[in-house]
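J.: In my numbering, the protein residues as written are 139 to 732.
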Ligand SMILES: [Zn+2]
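#1: May I ask which residues mark the beginning and end of the alpha helix (DSSP H) holding residue 337?
#2: Please look up how many angstroms separate the CB atoms of residue 479 and residue 500, rounded, as I've assumed it's under 8 Å.
#3: List in chain order: all unbroken alpha helix (DSSP H) runs of 4+ residues lying wholly within the segment 627-666.
#4: For the 8 Å Cβ check, are there 3 or more pairs between the segment 605-616 and the segment 169-176?
#5: Residue 474 by DSSP, collapsed to three states: which one?
#6: Cutting at 7 Å between CB atoms, please list the residues of its own chain near residue 646, excluding the five before and the five after it.
#7: Mind checking whether the beta-carbon of residue 481 lies closer than 6 Å to any heavy atom of ligand 1?
#8: Can you tell me which of the three DSSP states residue 537 falls into?
#9: Comparing the CB of residue 625 with every heavy atom of ligand 1, is any distance shorter than 6 Å?
#10: Looking at the strands, I want to know which residues DSSP matches up with residue 505.
#11: Tell me which residue opens and which closes the alpha helix (DSSP H) that residue 250 is part of.
#12: Is residue 144 helix, strand or coil by DSSP?
#13: Does ligand 1 have a heavy atom nearer than 6 Å to the CB of residue 172?
#14: Is residue 671 near residue 590, with beta carbons less than 7 Å apart?
#15: Please state the DSSP three-state secondary structure of residue 670.
#16: Unbroken beta strand (DSSP E) runs of length 3 or more, entirely within the segment 279-311: which are they?
#17: Do the segment 683-690 and the segment 207-220 meet, that is, are 3 or more Cβ pairs less than 8 Å apart?
#18: Using only the heavy atoms of ligand 1, determine whether one of them is closer than 6 Å to the beta carbon of residue 198.
#19: Using 7 Å as the threshold, is the C-beta distance between residue 292 and residue 259 below it?
#20: Would DSSP call residue 588 helix, strand or coil?
#21: Could you give the DSSP three-state label for residue 725: helix, strand or coil?
#22: Shortest alpha-carbon distance to residue 441 belongs to which of 150, 419, 161 and 723?
#23: Looking at the unbroken alpha helix (DSSP H) that takes in residue 212, where does it start and where does it end?
#24: Where does residue 620 fall in DSSP's three states?
#25: With a threshold of 16 other CB atoms inside 10 Å of the CB of residue 523, please say whether the residue is buried or exposed.
#26: Taking contact to mean 3 or more Cβ pairs, one atom from each stretch, closer than 8 Å, check whether the segment 293-301 and the segment 261-274 are in contact.
#27: Below 8 Å, how does it come out for the segment 652-667 and the segment 191-211: are there three or more Cβ pairs, yes or no?
#28: In chain order, which alpha helix (DSSP H) runs of at least 4 residues are fully inside the segment 395-454?
#29: Taking only the alpha-carbon atoms, compute the straight-line gap between residue 253 and residue 244 and give it to the nearest angstrom.
#30: In whole angstroms, give me the CA-to-CA distance for residue 179 and residue 541.
#31: For residue 352 and residue 668, I'd like the C-alpha separation in whole angstroms.
#32: Looking only at C-alpha atoms, which of 199, 343 and 567 sits nearest to residue 270?
#33: Looking only at its own chain, which residues have a Cβ that is under 7 Å from the Cβ of residue 713, when we skip the five neighbours before and after it?
#34: With respect to the alpha helix (DSSP H) encompassing residue 386, which residues constitute its N-terminal and C-terminal limits?
#35: Write down the C-beta distance between residue 389 and residue 383 rounded to the nearest angstrom, noting that I regard them as a contact closer than 8 Å.
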């Protein structure tokens, strides 16, 4: 495994792999930066070094190589990460190896569950095309779905049977795995044990839910029955080892490329809305599936964009789920615009009745969230009485406080005051306070590195044998004159680098703060330092050490004079003279200023 990992690491380009997950911008000749996917932030503190093949976040301190990135972001173990990266680079896998039997069992189960879902999807598609699928085909045609659209989203039909799917899948997996798939249900027996399994989805149109790689992991099923027998209009797969509702955004697998290209995501509520809009060429669309956004979903989206245009059903715009989603996105610093479609239509009907051009036009005229909210406040609390104005303001204040950026809050508060016609000094003060309330998050970035430290860190991090002499200079100075380096903030990183056995310098430094400083030095590097540079850096360190010692001596001498301790004074003065001479000597050695 380790040998194979090395091969993969040599062939993988960390920049390309990371770009598959988040947006990166070129920040220097060999480094890239972007928003960290592992913590919340508004300005990029996440860097990737193209040559040294590591990433580092100055915000939360995570760092590592391509495998650690994939492991973290996909939440998988090292062997799985190696396999994923190998897959991305088209490197064939060796036979499977796992570090523990539990991991092996888990991976086997996940693979089996994916296989079951794939087979079920194909089978549902087949049923939709068959004679029993006629009602479903009619329903889908009525919703304006063409056969191509049905195929693209792999929509299917679950027939009216308790055992048809079970019979289809039973030879593929044991009973326990079939239960774990969520495709089946069972009744609890009198003795508390679970009864035999039967098909969970019956007489329903099946919409597959895919993970970000496009593999089907769950289903949403819409009933075709009406009346008492129908049950819930939509039912979803339960939580399974593959599927956690709060961690999936519907259609993100298909929409991600368009979201990045267009630099915003269109957010609709229903899966049907999403499919309908997507199939008409607006491909940056995703759906919440009617429930409020979770933090994981926000994090998922942030990897691709921080701008969202929200188009919820007009009658649902005030609904709890919609409001909560918008609130969470606001808190997370997203820029939000809101579309309201006239005629009270949902996106699906609007686009079918008025066409894609009219819908695009509606998207372009989306209003800023603050304008939308102020408008809502005015409609909900009409009239010019001060009582109504207070109510309107109380509606707006929490929204204002939620915005992470002070500038945005100021703007919002000023707009609200103006549009609501608030002239009372008291109310204006209240708005001003709301804008002040939240402190902007300041990204603390270590910028205490001196030029000398940068040179030495880079020298100690040299990996190319051709530059070995520069590295040796630094290693030897550190070993022979530890006192010179004592006062440096990066001495721990330097010592760790000097001792390092591993090839990767970032792996040698374990302390997160020290690693951040090393990353900062390496990310700014275009090429390793030359011997001459290292030599001058060491000399400067020495000078500074001498100057520090001189300063100490001056204090000691002053004290000795005050105490009239002449023996001590003579000793200290002697030491100071020696230091003066050493310093002069150093200065004479120094090459003329470049
Ligand atoms: Zn971070």
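Even for Gly, the Cβ is constructed at its ideal location relative to N, Cα and C.
T.: Result, derived from the coordinates:
#1: Start at 1 with the first residue of the chain shown, and residue 337 comes out as number 199. Counting along the chain, residue 337 falls outside any alpha helix (DSSP H), though it belongs to the beta strand (DSSP E) covering 332-337.
#2: Sequence index remark: in the chain shown, residue 479 carries index 341 (1-based). Sequence index remark: in the chain shown, residue 500 carries index 362 (1-based). The pair is a contact, with the Cβ atoms about 6 Å apart (cut-off 8 Å).
#3: 629-637, 643-646 and 650-661
#4: no
#5: Start at 1 with the first residue of the chain shown, and residue 474 comes out as number 336. Correct three-state label for residue 474: strand.
#6: Within the chain shown, numbered from 1, the residue matching residue 646 stands at position 508. Excluding sequence neighbours, residue 646 sits near 634, 635, 638 and 640.
#7: Counting from one through the chain shown, the residue named residue 481 turns up at place 343. It does not: the Cβ of residue 481 is nowhere closer than 6 Å to a heavy atom of ligand 1.
#8: Residue 537 sits at position 399 when you count from the first residue of the chain shown. In this structure, residue 537 counts as helix in the three-state DSSP scheme.
#9: Within the chain shown, numbered from 1, the residue matching residue 625 stands at position 487. No, the Cβ of residue 625 stays beyond 6 Å of every heavy atom of ligand 1.
#10: Residue mapping note: residue 505 aligns to position 367 of the chain shown, counting from 1. Residue 505 is bridged to 476.
#11: Against the chain shown, residue 250 aligns to sequence position 112. It spans 239-267 - the alpha helix (DSSP H) in which residue 250 sits, taken as one unbroken run.
#12: Along the chain shown, read from residue 1 onward, the residue named residue 144 stands at position 6. DSSP places residue 144 in helix when its eight states are reduced to three.
#13: Your numbering for residue 172 matches position 34 in the chain shown. No - ligand 1 has no heavy atom lying nearer than 6 Å to the Cβ of residue 172.
#14: Taking the first residue of the chain shown as position 1, residue 671 is located at position 533. Taking the first residue of the chain shown as position 1, residue 590 is located at position 452. The answer is no: Cβ separation not under 7 Å.
#15: If you number the chain shown from 1, residue 670 lands on position 532. In this structure, residue 670 counts as helix in the three-state DSSP scheme.
#16: 294-296
#17: no
#18: Counting from one through the chain shown, the residue named residue 198 turns up at place 60. Yes.
#19: Taking the first residue of the chain shown as 1, we reach residue 292 at position 154. Taking the first residue of the chain shown as 1, we reach residue 259 at position 121. Cβ distance < 7 Å, so residue 292 and residue 259 count as in contact.
#20: What you label residue 588 is simply residue 450 of the chain shown in a count that begins at 1. The answer is coil: DSSP assigns residue 588 none of H, G, I, E or B.
#21: Walking along the chain shown from the start, residue 725 turns up at place 587. In this structure, residue 725 counts as helix in the three-state DSSP scheme.
#22: Here residue 441 is taken as the residue at index 303 of the chain shown, counted from 1. Comparing Cα-Cα distances from residue 441 to each of 150, 419, 161 and 723, the minimum goes to 161.
#23: Position 74 of the chain shown, counting from 1, holds the residue named residue 212. First-last of the alpha helix (DSSP H) with residue 212: 204-212.
#24: The sequence position of residue 620 within the chain shown is 482, counting from 1. In the structure shown, residue 620 sits in a helix (DSSP, three-state: H, G or I).
#25: On the chain shown, residue 523 is found 385 positions in, with the first residue counted as 1. So residue 523 ends up on the exposed side.
#26: yes
#27: yes
#28: 409-417 and 433-440
#29: The count along the chain shown starts at 1 and reaches residue 253 at position 115. The count along the chain shown starts at 1 and reaches residue 244 at position 106. One C-alpha to the other measures close to 14 Å.
#30: Mapped onto the chain shown, residue 179 falls at position 41. Mapped onto the chain shown, residue 541 falls at position 403. If you take the alpha carbons of residue 179 and residue 541, they lie about 13 Å apart.
#31: To locate residue 352, count along the chain shown from 1; it is residue 214. To locate residue 668, count along the chain shown from 1; it is residue 530. Taking the straight line joining both Cα atoms gives about 49 Å.
#32: What you label residue 270 is simply residue 132 of the chain shown in a count that begins at 1. Comparing Cα positions, the closest option is 343.
#33: Counting from one through the chain shown, the residue named residue 713 turns up at place 575. Answer for residue 713: 691, listed in chain order.
#34: Counted from its first residue, the chain shown places residue 386 at position 248. Premise fails: residue 386 is in no alpha helix (DSSP H) and is neither H nor E.
#35: Numbered from its first residue, the chain shown carries residue 389 at position 251. Numbered from its first residue, the chain shown carries residue 383 at position 245. No, residue 389 and residue 383 are not in contact; Cβ-Cβ is about 15 Å, not under 8 Å.
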